[in-house]
Amino acid sequence: MTPGAREVTASTLSFASHEVKETHRALAVETPLELVFGTIPYAVMMVTPDDLEDFVTGFAMTEGVIEQASDIRAIKIEQHPKGLRALIDLVPEKLSAHLARKRAMTGRTSCGVCGIEDLASLPLQDQAVGKSARISDAAIKRAIDTLAAHQPLNDSTRAVHAAAWFHSDGSFVLAREDVGRHNALDKTIGALVRGDTDAQTGFMLITSRASYEMIEKTARYGASTLVAISAPTSLAVERAEALGITLYAIARADGAMKFTNLNQEFSKETPS
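Sequential numbering from 6 applies to the sequence shown in our numbering.
The structure is reproduced here in structure tokens:
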């Protein structure tokens, strides 16, 4: 069992028979992680303690602290009486730039903008993503059909989200899981950045709804296609349109809805 899951003992009650049985259940671990850039605390995020270096890298990138993985010289994860602490050593120029724009933020599992003090501070990307190869409907279906096989933590706990990266033909590359949907996406982006993966070689698939923050994070990485299992919000659609992201949502085994770039026809090419 990974650090992201913990087995507990529980009682199962049958409403039909009123019988109570002792059972064992795997639960997703949720723990506070304090992120410290240099010696300055930046945020406390509630995370699943798997793939933490990927999370730190992805979070730093989607927050605009770094531009590439090499902007981080080292990451040290240490225990704290109340959770975990990530000590992040930035290259000098990035640390200086970060300290100049530092903002206070308290993170939560379900909130991507907690701690923002005014609307002027709302993080919005201002540069559209580059164009990539058209993603066919067959590629999207292939990705959806294979995603569950790459969610081991959710398979045992039924309590976490996933974000996964697929090649443009729908073949699987990597996935990351976390109790927070934003965190899962940050972990995946971090893994891709650390692996120097070209953002125009594939597409992102997330198991959650497509909210505005998920669009902003996808754009920050540079990916031009996002597929969401659940529905999008209105602002997510607006931001995807503005940033040039093709957004598919309510994606199921039997179909998906396309919300942006509607002038482009669905491609029916079969992945090779």
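Ideal Cβ placement from N, Cα and C applies to all residues, glycine included. What you are looking at is a predicted structure, and each value in this text was computed from that prediction instead of being measured.
Mark residue i as exposed unless 16 or more other C-beta atoms lie within 10 angstroms of its C-beta, in which case mark it buried.
i	result
Lys-136	exposed
Met-262	exposed
Phe-97	At residue 97 the sequence reads Pro, which differs from the Phe that was named. Classification of Pro-97: exposed, given that the 10 Å Cβ count is below 16.
Met-66	buried
Leu-158	buried
Phe-264	buried
Thr-62	buried
Phe-64	buried
Ala-15	exposed
His-103	buried
Thr-44	exposed
Asp-56	buried
Ala-338	A query on residue 338 cannot be resolved here, the shown segment of the chain reaching from 6 to 277 and no further.
Glu-221	buried
Arg-30	exposed
Ala-48	buried
Ala-21	exposed
Glu-24	exposed
Thr-275	In this prediction, Thr-275 scores a pLDDT of 47, lower than 50, which makes its location untrustworthy; the coordinate-derived value is nonetheless stated afterwards. Thr-275 comes out exposed.
Using the C-alpha atoms, what's the distance from residue j back to residue i?
i	j	result
Leu-32	Gln-269	43 Å
Leu-95	Ala-245	30 Å
Gly-249	Arg-139	13 Å
Thr-223	Ile-77	20 Å
Leu-129	Ile-234	23 Å
Lys-26	Gly-195	42 Å
Ala-91	Val-198	18 Å
Thr-28	Glu-12	10 Å
Gly-260	Glu-35	33 Å
Glu-72	Pro-46	20 Å
Ala-133	Glu-182	27 Å
Thr-17	Glu-39	36 Å
Asn-266	Ser-239	15 Å
Ser-216	His-155	23 Å
Thr-230	Val-41	32 Å
Ile-255	Glu-218	17 Å
Ala-180	Met-50	20 Å
Thr-162	Gly-200	28 Å
Asp-150	Tyr-253	15 Å
Arg-225	His-85	31 Å
Ser-19	Ala-228	47 Å
Asp-160	Gly-9	12 Å
Asp-131	Thr-7	39 Å
Ser-75	Thr-193	17 Å
So residue i packs on residue j, CB below 8 Å; how close in whole Å?
i	j	result
Thr-186	His-166	Note that residue 186 is Arg in the sequence shown here, rather than Thr. Rounded, the Cβ-Cβ distance is 4 Å, consistent with contact.
Arg-214	Ala-236	6 Å
Phe-60	Asp-191	5 Å
Ile-93	Ile-82	Rounded, the Cβ-Cβ distance is 10 Å, inconsistent with contact.
Pro-54	Lys-87	Actually they do not touch by this definition, with Cβ atoms about 14 Å apart.
Asn-188	Val-52	5 Å
Val-232	Ile-145	6 Å
Val-184	Ala-164	7 Å
**Item:** Three CB pairs or more closer than 8 Å across the stretch 155-173 and the stretch 207-220
**Value:** Contact holds: three or more Cβ-Cβ distances are below 8 Å.
**Message:** Could you tell me which whole alpha helix (DSSP H) segments of length 4 or greater appear in the stretch 143-174?
**Reply:** The DSSP assignment places complete alpha helix (DSSP H) segments of no fewer than 4 residues inside the stretch 143-174 at 157-162, in order along the chain.
**Asked** Does the pairing of the stretch 139-150 with the stretch 174-193 give three or more beta-carbon distances under 8 Å?
**Response** The stretch 139-150, when compared against the stretch 174-193, does touch it at the 8 Å Cβ threshold.
**Whole runs of the alpha helix (DSSP H) within the stretch 23-94, excluding any shorter than 4 residues** = Positions of the alpha helix (DSSP H) runs, each at least 4 residues long and wholly inside the stretch 23-94, are given as 57-67 in order along the chain.
**Item:** Within the stretch 230-266, ranges of the alpha helix (DSSP H) (whole runs, at least 4 residues)
**Value:** If we require 4 residues or more, the alpha helix (DSSP H) runs fully inside the stretch 230-266 come out as 239-248.
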